[in-house]
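Numbering (this note's numbering), first residue to last: 7 to 413.
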C-alpha cells in the first residue's frame, strides 16, 4: 500500500463511523492494511462507535467533506497506480488444480482448536474441494474483531457469537448469519473459593476478566441482570489467550467456556470443589454463540458459493462429531506447537459436540436456526442494552442458504 494513504486513513479512523467507511468500495482494499479502530473503547472495538462522537454540526460537515476528498484521491490513485501484485507463473500440476478452485477466506473467532474442528475436518477431508473451494482458514485471537474482518473484506465468512452479530447489525454493519453452529451458551464465570465470591453481587469492585473484540457481550448482560453496571461497578479486564491471570490472582473472576478454559483450570490441578462457578445459561442470559456470518452483499453476489461454503462446513461438523479421535489428530496438526495437548482437545471436542449437535438433533439439523433461541438472544440483547433497536431477525438470518445447503 502506498505510504501516503496511511495519514489519510489515520484521520478517517477517527472522524468516520466505520459503517460509513465500508459503504465506499474504494476504501475496502486499503482497510485490509489499515483496519479502523476507535480510541478509548475496549480493545479498540469499533463497534462501540456511535453518533455521540460527532455531535457538532461542524464536525459532521468536515466529515462529509473529507469523504468527498478521499473519494476523489482514491479515484485518481486507482487510475494512476500500477498493480503491485505480479501475475503468478503457471507451473502446472497442483497449481493448475488449485486454479480451478475459488478462494474463500474463513475467519475464526479464536486460535486453532477443537472449537473449529468441523472447519478443519472439512478442509482435511476434502469437503471444501468437493464444492470447488480453496479454503483459507484464518486464526483469531483476543484482539481480532471478526465482524471487522468480514466487513473489510479481509475474510469472506467468519465465526462469531450471535450476540456480537446483533450488536454489529445494530451499529449498521450489513452482516447476516448463514448457519447457527452452536445451539447453547458455553460461558461460565469462575472464581476461586479463596476470593469469597459466592454471589454475583460480591463481584462489585472486583477485577473481572473476559475476552474483548466481539466476545464480551454475554458477560456484560450477566452483570446487568444482576444489578451491576459493567462500566462502574466492576473493573473489567481484557482476558488473554491463557488462564494465567486467573492462576496468578491478577483477576478475581475469569470467563471460561465449558469446552475449553474450564477444563484448562481443572487440568492444572484445581479441584471443582475449590471453585465458585456461575453458569450464564442458568442465569437466564445465555445467548447463542458460534454462528457463521458473511456480508450481505457478498451473499447476494455469491449466493451459490455461500451455499457451498455452508454445506462443506456443516458436513465437516457432522464428520468431526462422528469421528472424534481422527478429527482431534487433524486439529493437532493445525495448533501452535506447545499451546495445547491432545488430551485437552479430546475433552474440548466432546464438550462442543454437545453444543453443536445436542441430544435429539439429527445430522440435517446441525446448523439450523431455532427461532425460539434466536428470539431469546435478541430479547436479552435489547433488554440489557447491548442493542438499541429491536433486532430484525428475519433480515439477520439467511435461512435460504442453510436450507439449500442441507437439501
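Just so it is clear, CB atoms sit at the ideal spot from N, CA and C, and this is done for glycine as well.
Only a predicted model underlies this, so the values are computations on that prediction, with no experimental measurement involved.
- Here residue 116 has 146 as same chain residues with Cβ atoms under 6 Å from its own Cβ, once five neighbours each way along the sequence are excluded.
- With fewer than 16 neighbouring CB atoms inside 10 Å of its own CB, residue 105 falls in the exposed class.
- Here residue 388 is not bridged, per DSSP, to any residue.
- Fewer than three Cβ pairs drawn from the region 135 to 142 and the region 194 to 209 lie within less than 8 Å of each other, which leaves the two stretches out of contact.
- Per DSSP, residue 320 is not a residue of any beta strand (DSSP E); the alpha helix (DSSP H) it occupies stretches across 309 to 328.
- Here residue 286 is not near residue 380, since their CB atoms are 8 Å or more apart.
- Between residue 143 and residue 165, the CB-CB gap reaches or exceeds 8 Å.
- Ranked by how close their Cα comes to the Cα of residue 290, the residues 367, 191, 168 have 191 in first place.
- In its chain, beyond the 5 residues on either side, 336, 337, 340 have a beta carbon closer than 6 Å to the beta carbon of residue 126.
- The C-beta distance from residue 318 to residue 300 rounds to 14 Å, too long to fall under 8 Å, and the pair is not in contact.
- Of the residues assessed, residue 175 falls on the buried side of the cut-off, its CB having 16 or more other CB atoms within 10 angstroms.
- Assignment of residue 193 by DSSP, reduced to helix, strand and coil, places it in the strand class.
- Look at the beta carbons and you see the region 212 to 224 touching the region 241 to 251: at least three pairs across the two are nearer than 8 Å.
- Restricting attention to 222, 209, 157, the CA atom closest to the CA of residue 257 is found in 209.
- Annotation for residue 124: the continuous alpha helix (DSSP H) segment containing it runs 123 to 130.
- When secondary structure is reduced to three states using DSSP, residue 231 falls in the helix class.
- If you check the CB distance, residue 154 and residue 373 do not come in under 8 Å.
- For the pair residue 179 and residue 316, the CB atoms are not nearer than the 8 Å cut-off.
- Between residue 119 and residue 354 the beta-carbon gap is near 6 Å, inside 8 Å, which marks them as a contact.
- The criterion of a C-beta distance shorter than 8 Å is satisfied by residue 188 and residue 361.
- Boundaries of the alpha helix (DSSP H) harbouring residue 356: 348 to 362, taken from the DSSP string.
- Shown here, residue 186 sits in a strand according to DSSP, grouped into three states.
- For residue 262, the enclosing beta strand (DSSP E) stretches over residues 259 to 263.
- The beta carbons of residue 226 and residue 302 sit no closer together than 8 Å.
- Rounded to whole angstroms, residue 196 and residue 224 show a C-alpha spacing of 14 Å.
- Per DSSP, residue 113 is one residue of the beta strand (DSSP E) stretching across 108 to 113.
- A direct Cα-to-Cα measurement between residue 325 and residue 279 gives close to 36 Å.
- For the options 295, 408, 366, 359, the alpha carbon positioned closest to that of residue 221 is the one of 295.
- Boundaries of the beta strand (DSSP E) around residue 215: 213 to 216.
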